[in-house]
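Scroll down for the structure; my scribbles are underneath it.
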Amino acid sequence: MKTLALPLAALAVLSAAACKPSETTQDGDTLAATSDPLILAARDNFKPIPEGPAQIAGVTATPELVALGEALYFDPRLSQSHALSCASCHNMGLGGADARPTSIGHHWQLGGRNAPTVLNAGYNFVQFWDGRAEDLVAQAAGPIANPVEMAMLTGQLVPTLKSIPGYAPMFAKAFPAEADPISEKTVPIAIAAYEATLVTPNAPFDRFLRGDAAALTDQQKRGLKSFMDSGCTACHSGTNVGGAMYAKFGLVADPSEDVRPAADTGRFAITGDEADRYAFKVPTLRNIALSAPYFHTGSVWSLDDAVQIMAKTQVGKTLSAGETADIVAFLGALTGDQPKVAMPVLPPVTGKSVKPVN
Ligand code: HEC
Ligand code: HEC
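Residues 1 to 358 in the working numbering are what the sequence shown lists, from first letter to last.
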């Protein structure tokens, strides 16, 4: 191997002139020293997904709590029919979503909106397309009771879980301080603690942000540049390349009625504030290549089309086919290591357990 002929002192001078020194982010992430202008520009807009689970305020994730949450996440007996679990609509083999425009819930009913991915949801500032749940704990109770989703009958969740004997020791270990550990309060906490582990670090883009200029292809680099130059980063930035603010869908031009139907007013339905009409949570673009179809309507099946619609409606720009392909290639670099999920063996029912209702 050749050794560099420059003396160390000269190297230090060079790096001081051209290079941003390595830094440690708030999450403890190390961003290597670099002078690559595209990496430096990207660091102004984005942060890598940290290794390890996301943190949920007020929840201390013990291994027992996460194991319980994992069982509950995959357990269809949290639904009235015992046919639907969280994983039915947030499938880890499908990028944490369900590959449908809108989901099929209880009695084959169609929901009103596309199921967003659960992957990295812990890094979203609020949950749901309209932000009506403040965090993963507040979110998790919703689908269990929602009549078009899991449709668990009021008051039936706790008796059902208590009638499956294997759950008692799992809840006791997960909630050692609770006198009555199986409750409407503890179930969402356990599920949320598990969901916080569903993160996808180490995407090519994360390696690029950390300083590996070779982690993106030339086309992905052009796409990243177009993404930033087009102003996509005004909304899609930070750790989740989104998930940090609300924005009107149709800021510059109205999307077509099938993509943004008049009836779903988004955030306006929550706040009643006219400024919020058609505002939605800016979704994460992490793993976006895995979770077609797109938008809250799930009405757009190709990522190329979704990108062109965004350019027109949000930044007032018509992208060429080449620019579109570049941006889509960049979005492909946001696919990280998918969670390694082993289907948990769920505690069995007995003859006395609560039966499914059809
Ligand atoms: C029948 C399909 C279905 C089932 C079952 C289901 N979900 Fe969802 N989930 C959805 C849909 C649809 C949305 C979006 C609804 C909205 O925003 O109005 C959603 C939203 C979410 C979100 C918000 C993500 C984000 O970025 O805003 C999380 C987290 C989530 N679900 C977790 C769960 C958990 C945990 C369970 C089980 C307790 C569950 N879901 C069961 C369909 C489902
Ligand atoms: C003004 C804010 C804003 C800007 C700028 C913006 N977006 Fe979006 N983006 C959103 C919102 C809000 C949604 C969700 C729309 C909906 O479904 O209601 C979204 C959705 C998307 C989706 C679909 C995500 C999913 O999960 O279905 C993609 C892909 C996307 N944006 C890419 C882009 C690209 C590429 C650009 C730049 C050309 C861009 N966005 C610019 C706010 C923005």
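Idealized CB from N, CA, C, for every residue including glycine.
Distance between beta carbons of residue j and residue i, contact taken as under 8 Å
{"i": "residue 68", "j": "residue 150", "result": "At roughly 18 Å, the Cβ-Cβ gap does not stay under 8 Å, so residue 68 and residue 150 are not in contact."}
{"i": "residue 191", "j": "residue 140", "result": "4 Å"}
{"i": "residue 283", "j": "residue 116", "result": "6 Å"}
{"i": "residue 77", "j": "residue 164", "result": "7 Å"}
Where residue i falls, given that 16 or more other Cβ within 10 Å makes a residue buried
{"i": "residue 241", "result": "buried"}
{"i": "residue 26", "result": "exposed"}
{"i": "residue 355", "result": "exposed"}
{"i": "residue 136", "result": "buried"}
{"i": "residue 345", "result": "exposed"}
{"i": "residue 111", "result": "buried"}
{"i": "residue 70", "result": "buried"}
{"i": "residue 272", "result": "exposed"}
{"i": "residue 206", "result": "buried"}
{"i": "residue 357", "result": "exposed"}
{"i": "residue 75", "result": "buried"}
{"i": "residue 333", "result": "buried"}
{"i": "residue 320", "result": "exposed"}
{"i": "residue 131", "result": "buried"}
{"i": "residue 296", "result": "buried"}
{"i": "residue 275", "result": "exposed"}
{"i": "residue 233", "result": "buried"}
{"i": "residue 262", "result": "exposed"}
Span separating the alpha-carbon of residue i from that of residue j
{"i": "residue 195", "j": "residue 255", "result": "32 Å"}
{"i": "residue 34", "j": "residue 253", "result": "39 Å"}
{"i": "residue 183", "j": "residue 148", "result": "23 Å"}
{"i": "residue 217", "j": "residue 269", "result": "43 Å"}
{"i": "residue 3", "j": "residue 88", "result": "Summary for residue 3: the model assigns pLDDT 42, below 50, so the residue's position carries little reliability; its value from the coordinates is reported in the next sentence. Cα to Cα, the separation comes out at about 56 Å."}
{"i": "residue 299", "j": "residue 350", "result": "43 Å"}
{"i": "residue 359", "j": "residue 301", "result": "Lying outside 1 to 358, the shown extent of the chain, residue 359 is not represented and no answer is given."}
{"i": "residue 177", "j": "residue 294", "result": "43 Å"}
{"i": "residue 322", "j": "residue 41", "result": "22 Å"}
{"i": "residue 152", "j": "residue 22", "result": "51 Å"}
{"i": "residue 353", "j": "residue 312", "result": "55 Å"}
{"i": "residue 340", "j": "residue 201", "result": "12 Å"}
{"i": "residue 155", "j": "residue 38", "result": "55 Å"}
{"i": "residue 8", "j": "residue 19", "result": "Model confidence at residue 8 stands at a pLDDT of 46, short of 50, so the residue's coordinates are unreliable; what they give is reported in the following sentence. Roughly 15 Å separates the two Cα atoms."}
{"i": "residue 73", "j": "residue 49", "result": "23 Å"}
{"i": "residue 166", "j": "residue 230", "result": "54 Å"}
{"i": "residue 338", "j": "residue 95", "result": "8 Å"}
{"i": "residue 109", "j": "residue 160", "result": "23 Å"}
{"i": "residue 348", "j": "residue 81", "result": "16 Å"}
{"i": "residue 43", "j": "residue 121", "result": "21 Å"}
{"i": "residue 235", "j": "residue 168", "result": "45 Å"}
{"i": "residue 60", "j": "residue 316", "result": "44 Å"}
{"i": "residue 142", "j": "residue 84", "result": "14 Å"}
{"i": "residue 106", "j": "residue 28", "result": "43 Å"}
{"i": "residue 314", "j": "residue 101", "result": "22 Å"}
{"i": "residue 310", "j": "residue 249", "result": "8 Å"}
Same chain only: Cβ atoms within 8 Å of residue i, ignoring 5 sequence neighbours per side
{"i": "residue 12", "result": "Model confidence at residue 12 stands at a pLDDT of 44, short of 50, so the residue's coordinates are unreliable; what they give is reported in the following sentence. Around residue 12: no qualifying Cβ."}
{"i": "residue 237", "result": "45, 46, 244"}
{"i": "residue 56", "result": "122, 135, 136, 137, 192, 193, 196"}
{"i": "residue 30", "result": "22, 23, 24, 210"}
Same chain, Cβ closer than 7 Å to residue i, five either side skipped, listed in chain order
{"i": "residue 324", "result": "304, 307, 308"}
{"i": "residue 335", "result": "203, 287, 289, 290"}
{"i": "residue 173", "result": "64"}
{"i": "residue 330", "result": "220, 223, 224, 227"}
{"i": "residue 342", "result": "none"}
{"i": "residue 175", "result": "181, 186"}
Heavy atom of ligand 2 within 7 Å of residue i beta-carbon
{"i": "residue 314", "result": "yes"}
{"i": "residue 183", "result": "no"}
{"i": "residue 228", "result": "no"}
{"i": "residue 291", "result": "yes"}
{"i": "residue 153", "result": "no"}
{"i": "residue 288", "result": "yes"}
{"i": "residue 327", "result": "yes"}
Distance cut-off 7 Å: residue i Cβ against heavy atoms of ligand 1
{"i": "residue 263", "result": "no"}
{"i": "residue 128", "result": "yes"}
{"i": "residue 91", "result": "no"}
{"i": "residue 118", "result": "yes"}
{"i": "residue 344", "result": "no"}
{"i": "residue 281", "result": "yes"}
{"i": "residue 134", "result": "no"}
{"i": "residue 65", "result": "no"}
Cut-off 6 Å between Cβ atoms - residues of its own chain near residue i, not counting five sequence neighbours on either side
{"i": "residue 277", "result": "265, 268"}
{"i": "residue 318", "result": "none"}
{"i": "residue 327", "result": "223, 226, 227, 307"}
{"i": "residue 198", "result": "118, 119, 339"}
{"i": "residue 215", "result": "204, 207, 208"}
{"i": "residue 125", "result": "244"}
{"i": "residue 36", "result": "213"}
Near ligand 3: residue i beta-carbon under 7 Å from a heavy atom
{"i": "residue 139", "result": "The model depicted lacks ligand 3 and carries ligand 1 and ligand 2 instead."}
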